[in-house]
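Residue 0 is where the sequence shown starts when you use numbering that gives the first Met the number 0, and the numbers rise one by one after that. Yeah, the Cβ is synthetic: ideal placement off N, Cα and C, and Gly gets one too. Okay, structure first, notes after.
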Amino acid sequence: MGWLTMTSQSDIFSLIDAQKEIVDYWNSRRQSGAVPLRGDLDPGALRAHLHCISILELDGQGGATFRLMGTQLRNLIGADMRGYHVDDLPDEYASIWRMGGGLPLPETCRPDQGVTDLGEGHHAWLRLPLRQMASDEAPSMVLCHDILRRKKTRISRPVFSLHPLASRAVAA
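In structure tokens, the structure reads:
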């Protein structure tokens, strides 16, 4: 799998910060408590996160079609999947979009997020419902934000080091 390498354990917290930025923007686009419309989202406002964003259109039967896919996700998969179903992906990649209990049905679609330990890495994921048209009563799309990062091994990440000018070990 194509992974980004974590430079420190604190990177996992920046993943959560990225999620918070997107959720704050999503909340700012809500009107009268309703799920935002896809057209109400300004890609420029999410510029720093676009490479990790995909938008899925829900089919109402537990499946979804890619309507947008960020460059990091395209590079990971090796293809632009716009117009394809999530089920068209090999399982190792399809599982990325099934986090949080799988793809929702429109009537049960609600915000969800998490950070999953994958053994060798972490997967920070976020799912935010969207409506395609103002007349939609239930969300018909999902904005997805996914970051996969490889963990560094303990051997390559010292906790303390000896500094030549310090009389004791200092935090690395």
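Residue of the options minimising C-alpha distance to residue i
i	options	result
H121	D145, S139, D135 and L57	D145
W25	P89, I95, E136 and R130	R130
R29	R148, P138 and W96	P138
G82	F65, Q112, P110 and A44	F65
A44	T70, V22, D90 and H84	V22
S27	D41, H48, L75 and V85	D41
G61	E119, H84, D111 and K150	H84
Contact under 8 Å by Cβ, residue i with residue j
i	j	result
L55	V141	yes
A133	L36	yes
A63	L72	no
Q112	W124	yes
I52	G69	yes
One or two residues paired with residue i in a DSSP bridge
i	result
M140	E56 and L129
H84	T64
Terminal residues of the beta strand (DSSP E) in which residue i lies
i	result
W111	According to the sequence provided, residue 111 is Asp. The question's Trp does not apply to it. Here the beta strand (DSSP E) through D111 covers D111 to D116.
Range of the contiguous alpha helix (DSSP H) that encloses residue i
i	result
A93	D90 to A93
What are the complete alpha helix (DSSP H) segments, minimum 4 residues, inside the segment 51 to 78? Segments of the alpha helix (DSSP H) lying fully in the segment 51 to 78: 70 to 76.
Within the segment 10 to 42, note down every full alpha helix (DSSP H) run reaching 4 residues or more, in order along the chain. The segment 10 to 42 contains these whole alpha helix (DSSP H) runs: 10 to 27.
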